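Protein chains in written order, with this note's numbering: chain A, -9 to 169; chain B, -9 to 169; chain C, -9 to 169; chain D, -9 to 169. Working notes, beginning with the structure itself.
4 protein chains.
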Amino acid sequence: MLIIDMMSEWRFPSSEPLLRHAARIAPAIEALRARCDAVGVPVVYVNDNHGRWRSDLRKVVQDACAQEGPGGDIARSLAPRERDYFVLKPKHSGFYATPLELLLRHLHVGQLILTGVSTEHCVSMTATDACMRDFKVWCPADGVASHTPALRDRTLTQLQESLCICTDPSPSLRLPELV
Amino acid sequence: MLIIDMMSEWRFPSSEPLLRHAARIAPAIEALRARCDAVGVPVVYVNDNHGRWRSDLRKVVQDACAQEGPGGDIARSLAPRERDYFVLKPKHSGFYATPLELLLRHLHVGQLILTGVSTEHCVSMTATDACMRDFKVWCPADGVASHTPALRDRTLTQLQESLCICTDPSPSLRLPELV
Amino acid sequence: MLIIDMMSEWRFPSSEPLLRHAARIAPAIEALRARCDAVGVPVVYVNDNHGRWRSDLRKVVQDACAQEGPGGDIARSLAPRERDYFVLKPKHSGFYATPLELLLRHLHVGQLILTGVSTEHCVSMTATDACMRDFKVWCPADGVASHTPALRDRTLTQLQESLCICTDPSPSLRLPELV
Amino acid sequence: MLIIDMMSEWRFPSSEPLLRHAARIAPAIEALRARCDAVGVPVVYVNDNHGRWRSDLRKVVQDACAQEGPGGDIARSLAPRERDYFVLKPKHSGFYATPLELLLRHLHVGQLILTGVSTEHCVSMTATDACMRDFKVWCPADGVASHTPALRDRTLTQLQESLCICTDPSPSLRLPELV
């Protein structure tokens, strides 16, 4: 299970609507993470390095948790635990210029659940890169967010039709099949 | 300036001779780092993730500094500062499955000084990958170490003859030319 | 200017509607190629290797030209000339596991015109990979085709809104600005 | 089995000594290729594109075979057959900016025999990249050549000691173990 760009200070241009929608999906991601924990599916945080290039996950997480408002709420509820993996990405796709693919091969993972923001950028570009590398991808509609619901829905339709990515909501995912 | 794999707990098989030689080159690296600071050459730590896949530089540095003996001395004298960059690599070469190349392009760097351990593995493989990407590479003989001086010297001869990499000792490097 | 997957025997499942729409965009691509020739914009064919892994562009082009019907018409009208570049790609994106990025850097290219098929797969995935590598991308609506016009239009809207890719039709492209 | 850079017009600076040594190893490579054929080990040509960027293996092979002298003899004796694979590489390592790794995964290959020229550049850099990707590598001493035997021997010693690459001569390779 990948959690994309949910640890953030939301300091980029017009981040407000995205943050609002991200806050709404956080509970579904938290619930899905608990289900993954229960059956032993590893959780990998794939997060922007926000131009810092310092491989410093703790700083990213601390700064995200320290802020006021919904961004801090998200970060505190979803903060990575000791056992979770963490990959800092310099660009949109989690696979570009990162060790993500090596980590997934190391974990003997063939299937991915993608959650986080934003659906049309980092989630979608990580999803297509995953398909191109022959991973099977799920992208639960209630686990991803965009600036507008319409943009999210169009992106999900696109992923579904062009790459056969399943976008059924997270409660319908049958996790034991993944292990 | 790259500092390769000097932050370590030295817990791999037969690390003892390598650690001993690493301790001897630490002062030269520290002096070179001070000269880089003085002229504004950025310093990038390129360090093994030691199978942790957690992008957690602070844990790597803390564990290295906390140990007794020469490994701790090295780590404390060379620990990265706030302004330094840090790239965790999953394999030997600093360029493989990491954002190193993107970072160097972002810093508009065309020339690299390589220091650290071990000369024949991570330093040499990072050096060849750098040459293949058209960076100009210096590898000062007093800034790199191997299990034996003979192995270091043969590797340096190899880099010099096959890739035209300059291996003159660090005092002879003219840093202002790099900026 | 990239021409994607137009040299083909169209032997994949349900290729018929895609071929029909590809035939309709071939004249616009041919006209755009002539304009690129006139101002010295290099033309790069980015084409599937169709599972052959033999880097054999001539066989791909010969087989495509030798067939009856619209696939042969397309191939004969758009066959690469001596001066054109040719990159065989093993997967959807022209940038994945190919020398395309190195070639474009070698040509000192910073802007790309993407044409060919299919809009939602290879064109779109090459476009997003190009944006991630900081190329400026044009994707003229009359130079790309999908199985249905609706799918093409939705993909173009997606590229436009999420990646700011210009999709204006080819006659409106001002080529001299590219050189 | 990889055959590296043996299809060439040998038109680079000071190619003469390398060509002379390459001519001497051609019979051993031919014999090894026949043994690979006999047990079904796939043969992959990994060859420089010589700045052409046109994925045109036939032109590379034709030009190599057409020349007078030892370069033509080598090319004619070792020219790729219909069933062989062919990867054009833009730089030294066969893995950099090419589909080689994908091809090897596609062929379910975990072990590589490296032959060709030059030992200290393309062979050595392909060998280290292969080791970093967890392939097991053989580099038979009688199947690789350098500008001087001394340079070849030092490179082989280096590969052997630093990467545990077997450099026993080709007659001692037990091919059935590879399949």
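Every residue, glycine too, gets a C-beta built ideally from N, C-alpha and C. The structure presented is a predicted model; accordingly, all values stated were derived computationally and were not measured.
Own chain residues within Cβ distance below 6 angstroms of A120(B), not counting five before or after | Here residue 120(B) corresponds to residue number 130 of the second sequence, with the count starting at 1. Cβ within range, chain order: L102 and V127.
Go to L78(B), then tell me how far its beta strand (DSSP E) extends in each direction, as first and last residue.
-> Indexing the second sequence from 1 puts residue 78(B) at position 88. Start and end: Y75 to K79.
With a 10 Å radius around its C-beta and 16 neighbouring C-beta atoms as the bar for buried, classify S162(B) as buried or exposed.
-> Here residue 162(B) corresponds to residue number 172 of the second sequence, with the count starting at 1. Counting Cβ neighbours within 10 Å, S162(B) comes out exposed, since fewer than 16 surround it.
Strand pairing of N37(D), partner residues [DSSP] = Taking the fourth sequence and counting its residues from 1, one reaches residue 37(D) at position 47. BP columns for N37(D) point to L78(D).
Output yes if chain A places a C-beta closer than 7 angstroms to the C-beta of T157(C); else output no.
-> Indexing the third sequence from 1 puts residue 157(C) at position 167. Not closer than 7 angstroms to any Cβ of chain A, the Cβ of T157(C) fails to qualify, so no.
Residues near G133(C) by beta carbon distance below 7 angstroms, same chain, minus five either side = In the third sequence, the residue the question calls residue 133(C) occupies position 143. Counting only Cβ-Cβ distances below 7 angstroms, and skipping sequence neighbours, we find I15, A18, I19, L22, T105 and S160.
Measuring CA to CA, which of T145(B), P139(B) and P130(B) is closest to L141(D)?
-> Counting from 1 along the fourth sequence, the entry for residue 141(D) is found at position 151. With distances taken between Cα atoms, L141(D) lies closest to T145(B).
Using alpha carbons as the reference points, say which of E(-1)(C), Y86(C), P7(C) and F125(C) lies closest to H137(C).
-> Locating residue 137(C) in the third sequence gives position 147, counting from the first residue. Per the Cα distances, P7(C).
Mind pulling the beta strand (DSSP E) runs of 3 or more residues that sit fully within the segment 94 to 160 of chain D?
-> 101 to 107 and 126 to 128
So with Cβ pairs under 7 angstroms, would you call Q150(D) a contact of chain B?
-> Residue mapping note: residue 150(D) aligns to position 160 of the fourth sequence, counting from 1. No, because no Cβ of chain B sits closer than 7 angstroms to the Cβ of Q150(D).
Which partner residues does L(-8)(B) have in the DSSP bridge list?
-> As a first step, residue -8(B) is located in the second sequence; it is residue number 2 there, counting from the start. Bridge partners of L(-8)(B): V34(B) and L104(B).
How many angstroms separate the CA atom of L9(D) from the CA atom of D143(D)?
-> For this step, residue 9(D) is matched to residue 19 along the fourth sequence. For this step, residue 143(D) is matched to residue 153 along the fourth sequence. The straight-line gap from Cα to Cα measures roughly 17 angstroms.
Rounded separation between D74(C) and V36(C) - CA only = Counting from 1 along the third sequence, the entry for residue 74(C) is found at position 84. Counting from 1 along the third sequence, the entry for residue 36(C) is found at position 46. C-alpha separation (whole angstroms): 11 angstroms.
How about the segment 73 to 88 of chain A and the segment 37 to 45 of chain A: do they share at least three Cβ pairs that are nearer than 8 angstroms?
-> yes
Spatial distance of R1(A) from Q52(A) (CA atoms) | Counted from its first residue, the first sequence places residue 1(A) at position 11. Counted from its first residue, the first sequence places residue 52(A) at position 62. Looking at the two C-alpha atoms, the distance is approximately 15 angstroms.
Please name the residue in R71(C), R44(C), D63(C) and H82(C) whose C-alpha comes closest to that of L110(C).
-> By 1-based counting over the third sequence, the position of residue 110(C) is 120. Just to set this straight, residue 110(C) is Glu in the shown sequence, not Leu. Cα-wise, what sits closest to E110(C) is H82(C).
State yes or no: is the C-beta of R48(B) within less than 7 angstroms of the C-beta of R48(A)?
-> Position 58 of the second sequence, counted from the start, is the residue given in the question as residue 48(B). Position 58 of the first sequence, counted from the start, is the residue given in the question as residue 48(A). Contact flag set, yes.
May I have the straight-line CA-CA distance separating L93(C) from D158(B), to the nearest angstrom?
-> In the third sequence, counting from the first residue as 1, residue 93(C) sits at position 103. In the second sequence, counting from the first residue as 1, residue 158(B) sits at position 168. Their Cα atoms are separated by approximately 34 angstroms.
So which of V31(D), A28(D), D46(D) and C26(D) has the shortest CA-CA distance to M(-3)(D)?
-> Indexing the fourth sequence from 1 puts residue -3(D) at position 7. If we check each option's Cα against that of M(-3)(D), D46(D) comes out closest.
Opposing strand residues paired with D46(A) [DSSP bridges] | As a working mapping, residue 46(A) is identified with position 56 in the first sequence. DSSP output for D46(A) lists D46(B) as bridge partner(s).
Best match in Y86(C), S108(C) and G59(C) for proximity to E151(A) [C-alpha to C-alpha] | Taking the first sequence and counting its residues from 1, the one referred to as residue 151(A) is at position 161. Closest option to E151(A), Cα to Cα, is S108(C).
Just confirm the distance between the C-beta atoms of A87(C) and P89(D), as a whole number of angstroms; I'd bet it's less than 8 angstroms.
-> Within the third sequence, residue 87(C) is the residue found at index 97, counting from 1. Within the fourth sequence, residue 89(D) is the residue found at index 99, counting from 1. Their Cβ separation, rounded to whole angstroms, is 4 angstroms, which keeps A87(C) and P89(D) in contact under 8 angstroms.
Alpha carbon of C26(D) to alpha carbon of I(-7)(D), nearest angstrom | Along the fourth sequence, one-based indexing puts residue 26(D) at 36. Along the fourth sequence, one-based indexing puts residue -7(D) at 3. Distance between the alpha carbons of C26(D) and I(-7)(D): 12 angstroms.
Listed by chain order, chain C residues near R48(D) by CB distance under 9 angstroms = The count along the fourth sequence starts at 1 and reaches residue 48(D) at position 58. Correct list: D46, L47, R48 and K49.
Evaluate V29(A) with the Cβ neighbour count: other Cβ atoms within 10 Å of its Cβ, from every protein chain shown; 16 or more gives buried, anything less gives exposed.
-> Taking the first sequence and counting its residues from 1, one reaches residue 29(A) at position 39. Classification of V29(A): exposed, given that the 10 Å Cβ count is below 16.
Identify the contact partners of L102(B) in chain G, using a Cβ-Cβ distance below 9 angstroms as the criterion.
-> Looking at the structure shown, chain G is missing, and the protein chains on hand are A, B, C and D.
Distance, Cα to Cα, T118(C) vs E72(C)?
-> Within the third sequence, the letter at position 128 stands for residue 118(C). Within the third sequence, the letter at position 82 stands for residue 72(C). Approximately 29 angstroms between the Cα atoms of the pair.
Does K81(C) get closer than 7 angstroms to chain A when you measure Cβ to Cβ?
-> Within the third sequence, the letter at position 91 stands for residue 81(C). Chain A, which has a Cβ nearer than 7 angstroms to the Cβ of K81(C), makes this yes.
In chain B, what lies closer than 9 angstroms to R144(D) by C-beta?
-> Locating residue 144(D) in the fourth sequence gives position 154, where the first residue counts as 1. R144, T147, Q148 and E151, listed in chain order.
CB contact check: P89(D) to chain C, cutoff 7 angstroms | Here residue 89(D) is taken as the residue at index 99 of the fourth sequence, counted from 1. Yes, P89(D) counts as interfacial toward chain C.
Helix, strand or coil at A12(D) [DSSP, three-state] | In the fourth sequence, residue 12(D) corresponds to position 22, counting from 1. A12(D): helix per DSSP, three-state reduction.
Taking the alpha-carbon positions, what's the V99(B) to V31(B) distance?
-> Here residue 99(B) refers to the residue found at position 109 of the second sequence. Here residue 31(B) refers to the residue found at position 41 of the second sequence. Between V99(B) and V31(B), the C-alpha separation is close to 9 angstroms.
Pull up the distance between the alpha-carbon of V50(D) and that of G84(C), whole angstroms please.
-> Counting from one through the fourth sequence, the residue named residue 50(D) turns up at place 60. Counting from one through the third sequence, the residue named residue 84(C) turns up at place 94. Computed Cα separation, rounded: 23 angstroms.
Cβ neighbour criterion (16 or more within 10 Å) applied to T147(A) | Indexing the first sequence from 1 puts residue 147(A) at position 157. Burial call: exposed.
Take L153(A) as the anchor and find which of M115(C), G41(C), Q57(C) and L165(C) has the nearest alpha-carbon.
-> Taking the first residue of the first sequence as 1, we reach residue 153(A) at position 163. Taking only the C-alpha atoms, the option nearest L153(A) is M115(C).
Could you pull out every residue in the same chain whose Cβ sits closer than 6 angstroms to the Cβ of C156(C), ignoring the five residues on either side in sequence?
-> As a working mapping, residue 156(C) is identified with position 166 in the third sequence. Cβ neighbours of C156(C) beyond the five flanking positions: W128.
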